[in-house]
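Student: Protein sequences, first through last, are from chains H and U.
Residue numbers for the first sequence, in this note's numbering: -9 to 212.
Residue numbers for the second sequence, in this note's numbering: -9 to 212.
Provided herewith is a single structure, encoded as structure tokens, for subsequent inquiry.
2 protein chains.
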Amino acid sequence: MRILYHLPLSPGARQVRLALSEKRLPFELRAEKTWEQRPEFLALNPAGTVPVLHEETGLAIPEAPVICEYLEEAYPDNSLLGRTLGERVEVRRLVAWFDLKFAREVTDNLLGEKYFKRLMGRGTTDGTAMRNGYANLRHHLDYIGWLSESRRWLAGGSLSLADFAAAAHLSALDYIGDVDWSLNPAAKDWYAKVKSRPCFRALLNDRVTGMSPPEHYADLDF
Amino acid sequence: MRILYHLPLSPGARQVRLALSEKRLPFELRAEKTWEQRPEFLALNPAGTVPVLHEETGLAIPEAPVICEYLEEAYPDNSLLGRTLGERVEVRRLVAWFDLKFAREVTDNLLGEKYFKRLMGRGTTDGTAMRNGYANLRHHLDYIGWLSESRRWLAGGSLSLADFAAAAHLSALDYIGDVDWSLNPAAKDWYAKVKSRPCFRALLNDRVTGMSPPEHYADLDF
């Protein structure tokens, strides 16, 4: 069986889980305490990070963007990258937007400070970082709202990795109660649409020890 | 004419310049003062970062990894990604290694602190960050040395984007005199091999106002 090494609130791992499920590729999920630096895991990924996809062929693929490109090439059915050069540029542009810009401006400042720092025993929460995170999140929700008002999905007419990248970050932040959906109704409508897809169900069932999500987290009519 | 918006010491822009030149795709280079947030530039890339490739067709492509995937799809001759699924995973894994891990552990701490902070008027140099950067660089040179002792090029038998990603970061650090090549002779031999390719020439001719590179920077027998 194909194995995905992950951490429940890792946005990268969530992105890959959505892509695997949307492509109907079965996989077994294994939580990896990356900070323990298990030698067998470092042999699969010397960078020591999750997600890592371990195929039955023996091939080990680390990092969400690398795994998603691999999945498109190995299992081209239900493409999540688009067909034309222009469509694929727009999907990859937005995936990079969320994985680089959104991650640095929002996710690292909120999920990083409130959850991952504690999980990995790396010091205390930085209040300034958190204030910046909340302020930046408003702008990003506006951008998502603006995109979804002018397009069916974030990158254009079709569901794509761009929606999964955005929803992966936002769902992890939503679990820790950090997304005020009332700030942008269009962004909320887009998220409700992604959230109601069958591939999203497993993410909504995730529970992290000692940390309950807000009531609306798993509610499709939030 | 195809235009590449860049900054001379941006590792992402250097990576794209190497890929364009290796594929023999002519382009005009334009320096973009990203911190001035020029509206015409933000229209091409709302994230406001370089590199951005602007094709004659009108298509604007931001972010080094997005541009490199686009170049492979639009101009598949002289592939820099490899052929088999396994080869392509290894190339992309190493590109991600340099663009994420090396960037965070080394480039941001050295080039970011010593050059980009000043360029963008964002505060003073952090000594601790720089010490971490030098310490991390040793480990990364060892990893590059180890890879290049067991393979012809970093990702395997062929020159690839992995070599260009690594050389892009290292060449920018070398410009500011931060790479002690005596630390790892195998890494130095690999860099000499990449550096002597025709595609590298333009990078070695780069000069930044008020900052001269060390003598060995443009020397092929350094």
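Ideal placement from N, C-alpha and C gives every residue a C-beta, glycine not left out.
Owing to the predicted nature of the structure, the values given are computational and were not obtained by experimental measurement.
(1) From Glu183 (chain H) to Glu77 (chain H), what does the alpha carbon distance come to, in whole angstroms?
(2) Over what stretch of residues does the alpha helix (DSSP H) that includes Pro29 (chain H) continue unbroken?
(3) Ends of the alpha helix (DSSP H) at Ala119 (chain U)?
(4) Short of 8 angstroms in beta carbon distance, which residues of its chain neighbour Pro188 (chain U), apart from the five on each side in sequence? Order them along the chain.
(5) Applying a beta-carbon distance threshold of less than 8 angstroms, which residues of chain H neighbour Arg78 (chain U)?
(6) Exposed or buried, Asn35 (chain H), counting other C-beta atoms within 10 Å across all chains shown (16 or more means buried)?
(7) Over the uninterrupted alpha helix (DSSP H) stretch that includes Ala208 (chain U), give me the two end residues.
(8) State the start and end residues of the unbroken beta strand (DSSP E) segment that holds Ile51 (chain H).
(9) Tell me whether His159 (chain U) is buried or exposed, calling it buried when 16 or more other Cβ atoms sit within 10 Å of its Cβ.
(10) In the DSSP assignment, the alpha helix (DSSP H) including Ala156 (chain H) goes from what residue to what residue?
(11) Round the Cβ separation of Gly2 (chain U) and Thr24 (chain U) to the nearest angstrom and send it over; I've been treating them as touching at under 8 angstroms.
(12) Excluding the 5 residues flanking Trp171 (chain H) on each side, which residues of the same chain have their C-beta closer than 6 angstroms to its C-beta?
(13) Does the contact criterion of 3 or more C-beta pairs under 8 angstroms hold for the stretch 57 to 64 of chain U versus the stretch 64 to 84 of chain H?
(14) Give me the chain H residues within the contact set of Leu49 (chain U), using Cβ-Cβ distance strictly less than 9 angstroms, ordered along the chain.
(15) Among the candidates H:Asp67, H:Pro175, H:His44, H:Asp153, whose CA atom is the shortest distance from the CA of Lys185 (chain H)?
(16) Taking only beta carbons into account, state which residues of the stretch 86 to 117 of chain U come closer than 8 angstroms to chain H, listed in chain order.
(17) Can you tell me whether Asn195 (chain H) is buried or exposed? The criterion is at least 16 other CB atoms within 10 Å of its CB, across all chains shown.
(18) For a contact meaning CB atoms closer than 8 angstroms, what does Pro55 (chain H) contact in chain U?
(19) Going by DSSP in three states, Arg187 (chain U) sits in which element: helix, strand or coil?
(20) Could you run through the stretch 24 to 37 of chain H and flag, in chain order, every residue whose CB is less than 9 angstroms away from some CB of chain U?
(21) For a test of the three-state rule: what should DSSP assign to Val42 (chain H), helix, strand or coil?
(22) Along the beta strand (DSSP E) that carries Ala21 (chain H), what are the first and last residues, could you check?
(23) Should His130 (chain H) and Val96 (chain H) be called a contact, given that it needs their Cβ atoms to be closer than 8 angstroms?
(24) Helix, strand or coil, according to DSSP, for Val56 (chain H) in the structure here?
(25) Step through the CB atoms of chain H and report whether any lies within less than 8 angstroms of the CB of Pro52 (chain U).
(26) What residues in its chain sit with their C-beta under 8 angstroms from that of Glu103 (chain U), if we drop five residues either side in the sequence?
(27) Measure from the alpha carbon of Ser69 (chain H) to the alpha carbon of each residue in H:Asp164, H:Leu151, H:Ala162, H:Gly113, then state which is nearest.
(28) With a threshold of 16 other CB atoms inside 10 Å of the CB of Trp87 (chain U), please say whether the residue is buried or exposed.
(29) When you compare only the Cα positions, how much space is there between Ala134 (chain H) and Asp89 (chain H)?
(30) Apply the 10 Å Cβ neighbour rule to Gln5 (chain U) and answer buried if 16 or more other Cβ atoms are within range, or exposed otherwise.
(31) What does a CB cutoff of less than 8 angstroms around Arg141 (chain H) pick up in its chain, not counting 5 residues either side in sequence?
(32) Is Val169 (chain H) helix, strand or coil by DSSP?
Tutor: Based on what the coordinates show:
(1) With the sequence shown as reference, residue 183 (chain H) is identified as Lys, and Glu is not the correct amino acid for it. Approximately 21 angstroms between the Cα atoms of the pair.
(2) 29 to 34
(3) 117 to 140
(4) These residues qualify, in order along the chain: Ser11.
(5) Glu59, Tyr60, Glu63
(6) buried
(7) Counting along the chain, Ala208 (chain U) falls outside any alpha helix (DSSP H), and DSSP gives it neither H nor E.
(8) 50 to 52
(9) buried
(10) 151 to 165
(11) Gly2 (chain U) to Thr24 (chain U), Cβ: 12 angstroms. No contact.
(12) Lys178
(13) Per the Cβ contact rule, the stretch 57 to 64 of chain U is in contact with the stretch 64 to 84 of chain H (3 or more Cβ pairs under 8 angstroms).
(14) By Cβ distance, chain H contributes Leu75, Gly76, Val79.
(15) H:Asp153
(16) Ala86, Trp87, Leu90, Lys91
(17) exposed
(18) Pro55, Arg82, Ala86
(19) Secondary structure of Arg187 (chain U) (DSSP, three-state): coil.
(20) Across the stretch 24 to 37 of chain H, CB contacts with chain U closer than 9 angstroms involve Asn35, Pro36, Ala37, in sequence order along the chain.
(21) strand
(22) 18 to 21
(23) yes
(24) helix
(25) yes
(26) Thr115, Asp116, Ala119, Met120, Gly123
(27) H:Leu151
(28) buried
(29) The question names Ala, but residue 134 (chain H) in the sequence shown is Ile. Distance between the alpha carbons of Ile134 (chain H) and Asp89 (chain H) is about 14 angstroms.
(30) buried
(31) The residues are Gly147.
(32) coil
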